[in-house]
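Read the structure below first, then the notes.
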Amino acid sequence: MQTLVLFFFSSVVVIANGAVPCDHLDAIKSLECKPLLGKLAGEMAKHSDMPPPDELKQFSTMCQEALSCMEGIKCDVLRNATVLIAKTCTGINLMSGPFGKCIDTLRSTPPSLKKYPCGRFLQTEKGRPGNCQMYQDEFECTKKLTKDKCGEEAFCLEKIECPDAQKHLQPREKAVTSMCNGMKFMAGPFGKCVEQLRSKSPSLKKYPCARHLNQVGRPGNCEMYQKEYECTQNLVKDQCGIEALDELETHKPYILNQMHCK
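Using mature numbering (1 follows the signal peptide of the UniProt record, and there is no 0), the letters of the sequence shown map in sequence onto residues -18 to -1, 1 to 244.
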């Protein structure tokens, strides 16, 4: 779950941009909340994949503590970060409840594929509650499988995030799949590259864009992935290899979206 670590700490970096700048009270509040965010991020960093529902319960509790602490913050940059945390926590709450337990049960006790052919996706899509086809083309099968095996309470999702289904998705559904996809991305070659570059501190003369890596808890900033993107490409390729660069190219929209780049 390393992707969450990278973006959680952006919430406690106090800057004065946006329509509503951060004032002294916002700064104090962010410092008060930093230990709670650090605790949550630290626990999440231990998992490269989605933990089982029972383990997610502790994350759910820590989520609530962090969000409660950040109530009352007024400045735009911290409020935006709070929204991101809230979305992530919504996904955690969902997967720690009846639906998450149902998915876990169905994985450990595979249903009859003859009766529930959609159940095959639960064995192939590790770290995700199925895939797009399971919640679109084969949705009736998924609905029946969940209700028959786990009861009405467990059934709460209608679609998993797919590019062609964006407009139909509810916020909590987006939160789950965005979290799952982000975990896979930031736990892979690019996420490891960012950590490596932070510890090695590459030459700023050769790679001036590397100066943005000092943004605590973020893989750089918007400028690094827009205005100075060519420099970023060279940096990642030279220091971490073509695999990390390919991951960056594929998931660049995810980074820009998470950092609210325009």
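Ideal Cβ placement from N, Cα and C applies to all residues, glycine included.
- A Cβ-Cβ separation of about 19 Å leaves GLU53 out of contact with PHE41 under the 8 Å criterion.
- The three-state secondary structure of PRO201, taken from DSSP, is coil.
- Burial check for SER78: the Cβ neighbour count within 10 Å reaches 16 or more, so the residue is buried.
- The beta carbon of GLU225 is closer than 7 Å to those of PRO171 in its chain, skipping five residues each way along the sequence.
- Annotation: ARG193 to GLN240 spans about 20 Å, alpha carbon to alpha carbon.
- Just measuring C-alpha positions, the residue of THR214, GLY173 and LYS209 sitting nearest SER185 is THR214.
- Boundaries of the alpha helix (DSSP H) harbouring CYS15: 6 to 26, taken from the DSSP string.
- Using a C-beta cut-off of 8 Å, the stretch 205 to 224 makes contact with the stretch 173 to 181, since at least three inter-stretch Cβ pairs fall below that distance.
- The three-state reading of DSSP puts ASP58 in helix, counting H, G and I together.
- Excluding five sequence positions before and after LEU227, the CB atoms of its chain that fall closer than 6 Å to its own CB belong to VAL218 and LYS219, given in chain order.
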